[in-house]
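K.L.:
Line order of the protein sequences matches chains A and B. Each residue of the first sequence is one higher than the one before, starting from 1 at the first, in our numbering. Each residue of the second sequence is one higher than the one before, starting from 1001 at the first, in our numbering. Just so you know, even glycine gets a beta-carbon here, dropped at the ideal spot from N, CA and C. Starting off with a structure, shown below.
Number of protein chains: 2
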Amino acid sequence: MLDERKLAVLRAIVEDYVSTTEPVGSKSLVDRHGLDVSPATIRNDMAVLEEQGFITQPHTSAGRIPTDKGYRLFVDRLSAVKPMSAAERRAIETFLAGAYSLDEVVARTVRLLAQLTRQVAVVQYPSLSRSSVRHIELVSLTPQRVLLVLITDTGRVEQAAVDLPDTAEPESIAHLRAVLNACLDGHKLADAAATVSGLADRIPVPERPNAGAVFSVLLESLAERHEERLVFAGTANLAAPDFGKGLRDVLEALEEQVVLMRLLGEAASPSALTVRIGAETGIQGTSVVSAAYGAGGQAVAKLGVLGPTRMDYPGTMGAVRAVARYVGQILGES
Amino acid sequence: MLDERKLAVLRAIVEDYVSTTEPVGSKSLVDRHGLDVSPATIRNDMAVLEEQGFITQPHTSAGRIPTDKGYRLFVDRLSAVKPMSAAERRAIETFLAGAYSLDEVVARTVRLLAQLTRQVAVVQYPSLSRSSVRHIELVSLTPQRVLLVLITDTGRVEQAAVDLPDTAEPESIAHLRAVLNACLDGHKLADAAATVSGLADRIPVPERPNAGAVFSVLLESLAERHEERLVFAGTANLAAPDFGKGLRDVLEALEEQVVLMRLLGEAASPSALTVRIGAETGIQGTSVVSAAYGAGGQAVAKLGVLGPTRMDYPGTMGAVRAVARYVGQILGES
DNA sequence: ATTGGCACTCAGGGATAGTGAGTGCCAAGG
DNA sequence: CCTTGGCACTCACTATCCCTGAGTGCCAAT
Chain A
1 MLDERKLAVL RAIVEDYVST TEPVGSKSLV DRHGLDVSPA TIRNDMAVLE EQGFITQPHT
61 SAGRIPTDKG YRLFVDRLSA VKPMSAAERR AIETFLAGAY SLDEVVARTV RLLAQLTRQV
121 AVVQYPSLSR SSVRHIELVS LTPQRVLLVL ITDTGRVEQA AVDLPDTAEP ESIAHLRAVL
181 NACLDGHKLA DAAATVSGLA DRIPVPERPN AGAVFSVLLE SLAERHEERL VFAGTANLAA
241 PDFGKGLRDV LEALEEQVVL MRLLGEAASP SALTVRIGAE TGIQGTSVVS AAYGAGGQAV
301 AKLGVLGPTR MDYPGTMGAV RAVARYVGQI LGES
Chain B
1001 MLDERKLAVL RAIVEDYVST TEPVGSKSLV DRHGLDVSPA TIRNDMAVLE EQGFITQPHT
1061 SAGRIPTDKG YRLFVDRLSA VKPMSAAERR AIETFLAGAY SLDEVVARTV RLLAQLTRQV
1121 AVVQYPSLSR SSVRHIELVS LTPQRVLLVL ITDTGRVEQA AVDLPDTAEP ESIAHLRAVL
1181 NACLDGHKLA DAAATVSGLA DRIPVPERPN AGAVFSVLLE SLAERHEERL VFAGTANLAA
1241 PDFGKGLRDV LEALEEQVVL MRLLGEAASP SALTVRIGAE TGIQGTSVVS AAYGAGGQAV
1301 AKLGVLGPTR MDYPGTMGAV RAVARYVGQI LGES
């Protein structure tokens, strides 16, 4: 139905349109790509491609531009992920290597990705549920208030204040801390939740109210709420006239954690790329390229790039894949 | 030199221009405000105001718009901070009250401020140097790597990984932790830096290399680097055509911590408002309204709003002041 | 199936003219 | 001396028209 040449034409249209931002016509197509046929032939091909919904013309008598469906086909079958150059790989490596805390790693990653792709980058913090407890700390703030600090093996630190129903002696807090660490250290957070629920027995009766308060806050930390922390960078790249009036939608999506989470998609195996195009993202004219990243073959979170539907997919995909790999590597080391 | 009426004219021009976005002429001025003089009189006044540099015309034969200098005068002498309505105050209070961790307080504050002002809000994390050490925790990650966690009385938690030169026994780490907490607990962070430097003596000689590594990372945490953490929200409000092409500059400034810090200005006494207009901010067409906030009369950080020079100053100032106060209150409680 | 030829379409870019809000200035009046 | 009505003038903005050229669709010939 679509022979070799028609596919080549579609590929050429996507490439030209992406680089020039202008509808591409039959004449310039044969010129710029070494097609050994006449413009008229191309026109016939384009008519077919248009009929099938892969390209369209903004108005009669203008060149063609790809539709979402056209980009889809291009990404799925007509293009290859463009690998990073050696120099770029080195740059990524050295830039990420300088980061110590997890915050720093994430911050650098997101900036790096924005810079490489010249688009908006989004990075999700390593998810809690797939990592394990390294240490739990309780610190008295006031006699009736303690700070709960949870440290995971991905280096993530969660904190929450707990209001106690009764005043607490330092020893009882120390005891509670010991119990928590003894039972949870090294456990996956997902299991930890279950363990905590059955822990009340190990606490002397008079201290149970306080322990209960701590447990419930701890459970809350382990659960949904913090799962969704996202960071983004590169919004300045939106100022390019790419989006025009859709800009508001994009900016709004960026501030809505929920929407953004959905855009990054469900977790997949590490460095497998997901591409959402145009309508698939729910934001007109916007595409998202994302990948899971993780330490040691285990996906812990996602990261991605958000840009105009008309973007350089091979290049963007290459950058996202490369960054996802290196971040996984860095996290695996620590 | 500028009599009552001329000032009234300037005020009216600012108000009208802010609300309509269009140059305001002599006729509409007398209509919309109850001025008991003829348009011709107003024209004379406007000529004077223009001569003095408070207003200009975008082109001959258009109405006048305020200059930066005009806004300045308006803010300094012609307007009063608009207090929040009772309903708004209640909304602020309940919205902020739901936050537990410091992260949460900051996140809510910035979103709240963006929503109230319909502009871009920026909040600086409570500064480290003005708060004091609540607790220091050391957690082994590997035999040659520990995680340093610093907890302050504002609820802020800093973390950093430390690579040790030698492998460390659990006891030596425990000892180090005890020493650190004994010496630093309750001290202002600013003093803490000095204390740490003189601490090497208290450590047995064989453990000094490791201790040194920890100290140096700790000093780094106490110093500049983390001082500057900033969060912003409400970028979607930039999509209003307010900025036009200056938008790129604004977005870039938002991603440059250093620039943003400068915009918020030096710390002042809590809830004193600072207003920077147009060129004063270094970003064409942009103004910044900021205030310090803090617990118990002590300023700990700043927050503010960034918007087009043509903004509703009284309203924005009211919102910033109110939010700064409530945040200080919330922080003071914990 | 491919190609050259040809008539047709239509966005975009000046050029021109009309409109009206707004100005500056002046001379008269309080 | 300040205020005011009158008046000529300016100039952004809009509408209209026209033209140009890139690009198309179709057809008949190869």
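Of all the CB atoms in chain A, is at least one closer than 8 Å to the CB of Ile1013(B)?
P.N.:
Here residue 1013(B) refers to the residue found at position 13 of the second sequence. For Ile1013(B), the answer is no, since every Cβ of chain A falls outside 8 Å of its Cβ.
K.L.:
Can you give me the Cβ contacts of Arg1043(B) inside the same chain, cut-off strictly under 8 Å, excluding the 5 residues immediately before and after it?
P.N.:
Stepping through the second sequence from its first residue, residue 1043(B) is reached at position 43. Cβ within range, chain order: Ser1026.
K.L.:
For His1135(B), return the contacting residues in chain A, with the cut-off set at a CB-CB distance below 7 Å.
P.N.:
Your numbering for residue 1135(B) matches position 135 in the second sequence. Here the neighbours are Val139.
K.L.:
In this structure, does DSSP put His1175(B) in helix, strand or coil?
P.N.:
Counting from 1 along the second sequence, the entry for residue 1175(B) is found at position 175. It is helical.
K.L.:
Where do the ends of the alpha helix (DSSP H) carrying Val1014(B) lie?
P.N.:
The count along the second sequence starts at 1 and reaches residue 1014(B) at position 14. Glu1004 to Thr1020 is the span of the alpha helix (DSSP H), which, as asked, contains Val1014(B).
K.L.:
How is Thr1094(B) classed by DSSP in three states: helix, strand or coil?
P.N.:
Position 94 of the second sequence, counted from the first residue, corresponds to residue 1094(B). In the structure shown, Thr1094(B) sits in a helix (DSSP, three-state: H, G or I).
K.L.:
Just to confirm my understanding: we take Val1123(B), look at its own chain, exclude 5 residues before and 5 after, and list those with CB closer than 6 Å. What are they?
P.N.:
Numbered from its first residue, the second sequence carries residue 1123(B) at position 123. Correct list, in chain order: Val1106, Thr1109, Val1110, Val1231 and Leu1303.
K.L.:
Going by C-alpha distance, which of Ala1322(B), Val1149(B), Leu1007(B) and Val1030(B) is nearest Ala1087(B)?
P.N.:
One-based indexing of the second sequence puts residue 1087(B) at position 87. Checked all of Ala1322(B), Val1149(B), Leu1007(B) and Val1030(B); the closest Cα to Ala1087(B) is Ala1322(B).
K.L.:
If you check the beta carbons only, do Thr1152(B) and Arg1134(B) fall under 8 Å apart?
P.N.:
For this step, residue 1152(B) is matched to residue 152 along the second sequence. For this step, residue 1134(B) is matched to residue 134 along the second sequence. Their beta carbons are under 8 Å apart, which means Thr1152(B) touches Arg1134(B) by this criterion.
K.L.:
State the CB to CB distance for the pair Ala190(A) and Leu1251(B), rounded to an integer number of angstroms; the pair is presumed to be in contact (CB under 8 Å).
P.N.:
Position 190 of the first sequence, counted from the first residue, corresponds to residue 190(A). Position 251 of the second sequence, counted from the first residue, corresponds to residue 1251(B). Wrong, their Cβ atoms sit about 39 Å apart, outside the cutoff.
K.L.:
Out of Ser1019(B), Phe1243(B) and Ile1136(B), which one is the CA nearest neighbour of Leu1184(B)?
P.N.:
By one-based count along the second sequence, residue 1184(B) stands at place 184. Minimum Cα distance to Leu1184(B) is reached at Ile1136(B).
K.L.:
Quick check: Ala295(A) and Gly265(A), are their CB atoms within less than 8 Å of each other?
P.N.:
In the first sequence, residue 295(A) corresponds to position 295, counting from 1. In the first sequence, residue 265(A) corresponds to position 265, counting from 1. No, the Cβ-Cβ distance between Ala295(A) and Gly265(A) is not below 8 Å.
K.L.:
Out of Pro308(A), Gly332(A) and Ser19(A), point me to the one whose CA is closest to Asp249(A)'s CA.
P.N.:
Taking the first sequence and counting its residues from 1, the one referred to as residue 249(A) is at position 249. For Asp249(A), the nearest C-alpha among the options comes from Pro308(A).
K.L.:
Got a sec? Which residues, its chain only, sit under 8 Å from Pro23(A) by beta carbon, not counting five neighbours each side?
P.N.:
By one-based count along the first sequence, residue 23(A) stands at place 23. So the list reads Tyr17, Gln57, Pro58, Ala62, Gly63, Arg64 and Ile65, once near-sequence residues are dropped.
K.L.:
Is Val259(A) close to chain B, meaning its C-beta is less than 8 Å from at least one C-beta of that chain?
P.N.:
Along the first sequence, read from residue 1 onward, the residue named residue 259(A) stands at position 259. Not an interface residue.
K.L.:
Compute the distance between the beta-carbons of Val149(A) and Gln159(A), then report whether it is under 8 Å.
P.N.:
For this step, residue 149(A) is matched to residue 149 along the first sequence. For this step, residue 159(A) is matched to residue 159 along the first sequence. A contact, by the Cβ cut-off of 8 Å.
K.L.:
Using the DSSP secondary-structure output, state which residues sit across from Ile151(A) in a beta bridge.
P.N.:
One-based indexing of the first sequence puts residue 151(A) at position 151. Bridge partners of Ile151(A): His135(A) and Val157(A).
K.L.:
Would you identify the three-state DSSP class for Val217(A), choosing helix, strand or coil?
P.N.:
Working through the first sequence from its first residue, we reach residue 217(A) at position 217. The answer is helix: DSSP assigns Val217(A) an H, G or I state.
K.L.:
Output yes if chain A places a C-beta closer than 8 Å to the C-beta of Val1231(B); else output no.
P.N.:
On the second sequence, position 231 is the one that residue 1231(B) refers to. Not closer than 8 Å to any Cβ of chain A, the Cβ of Val1231(B) fails to qualify, so no.
K.L.:
Who are Leu1306(B)'s beta bridge partners in DSSP?
P.N.:
As a first step, residue 1306(B) is located in the second sequence; it is residue number 306 there, counting from the start. Partner(s): Val1120(B) and Val1288(B).
K.L.:
For a test of the three-state rule: what should DSSP assign to Ser140(A), helix, strand or coil?
P.N.:
For the purposes of this step, residue 140(A) is taken as residue 140 along the first sequence, with counting starting at 1. Note: Ser140(A) maps to strand in three-state DSSP.
K.L.:
Would Gly1332(B) pass as an interface residue toward chain A - the criterion being a Cβ-Cβ separation below 8 Å?
P.N.:
Looking up residue 1332(B) in the second sequence gives position 332. Answer no: the Cβ-Cβ gap between Gly1332(B) and chain A never drops below 8 Å.
K.L.:
Does Glu4(A) pass the burial test, meaning 16 or more other C-beta atoms within 10 Å, or should it be called exposed?
P.N.:
Counting from 1 along the first sequence, the entry for residue 4(A) is found at position 4. Burial call: exposed.
K.L.:
Mind pulling the chain B residues with CB within less than 7 Å of Leu247(A)?
P.N.:
Along the first sequence, read from residue 1 onward, the residue named residue 247(A) stands at position 247. Result: Ala1239.
K.L.:
Report the partner residues of Lys1188(B) according to the DSSP bridge assignment.
P.N.:
For the purposes of this step, residue 1188(B) is taken as residue 188 along the second sequence, with counting starting at 1. Partner(s): Ser1132(B).
K.L.:
Comparing the C-beta of Ile1151(B) with each C-beta of chain A, is any distance below 8 Å?
P.N.:
Translated into positions along the second sequence, residue 1151(B) becomes position 151. Cβ-Cβ to chain A under 8 Å: yes for Ile1151(B).
K.L.:
Give the residues of chain A in contact with Gly1098(B), contact being defined as C-beta atoms less than 7 Å apart.
P.N.:
Sequence index remark: in the second sequence, residue 1098(B) carries index 98 (1-based). Here the premise fails: no neighbours, minimum Cβ distance about 12 Å.
K.L.:
Arg262(A) lies in the alpha helix (DSSP H); which residues open and close that run?
P.N.:
Locating residue 262(A) in the first sequence gives position 262, where the first residue counts as 1. Element bounds for Arg262(A): Gln257 to Leu264.
K.L.:
Using a Cβ-Cβ cutoff of less than 8 Å, which residues in the same chain neighbour Phe1095(B) once the five nearest sequence positions on both sides are dropped?
P.N.:
Taking the first residue of the second sequence as 1, we reach residue 1095(B) at position 95. Cβ within range, chain order: Arg1108 and Leu1112.
K.L.:
Do the CB positions of Ser1132(B) and His1187(B) come within less than 8 Å of each other?
P.N.:
The count along the second sequence starts at 1 and reaches residue 1132(B) at position 132. The count along the second sequence starts at 1 and reaches residue 1187(B) at position 187. Cβ distance < 8 Å, so Ser1132(B) and His1187(B) count as in contact.
K.L.:
By the three-class DSSP mapping on this structure, what secondary structure does Pro1209(B) have?
P.N.:
Looking up residue 1209(B) in the second sequence gives position 209. Three-state result, Pro1209(B): helix.
K.L.:
Could I get the ranges of all uninterrupted alpha helix (DSSP H) runs contained in the segment 46-78 of chain A, with 4 residues as the minimum, in chain order?
P.N.:
Counting only runs of 4 or more, we get 68-73.
K.L.:
Could you work out which residues of chain A lie near Thr1281(B), taking near to mean beta carbons separated by less than 9 Å?
P.N.:
The count along the second sequence starts at 1 and reaches residue 1281(B) at position 281. The contacting residues do not exist; Thr1281(B) stays about 17 Å from chain A at best.
K.L.:
Within the chosen definition, does the segment 252-263 of chain A reach the segment 195-202 of chain A through at least 3 CB pairs nearer than 8 Å?
P.N.:
No: fewer than three Cβ pairs fall under 8 Å.
K.L.:
Reducing DSSP to helix, strand and coil, say where Thr1109(B) ends up.
P.N.:
Within the second sequence, residue 1109(B) is the residue found at index 109, counting from 1. The answer is helix: DSSP assigns Thr1109(B) an H, G or I state.
K.L.:
CB Thr1167(B) to CB Pro1143(B), shorter than 8 Å?
P.N.:
Reading the second sequence from its first residue, position 167 is the one you call residue 1167(B). Reading the second sequence from its first residue, position 143 is the one you call residue 1143(B). Yes, Cβ-Cβ distance for Thr1167(B) and Pro1143(B) is below 8 Å.
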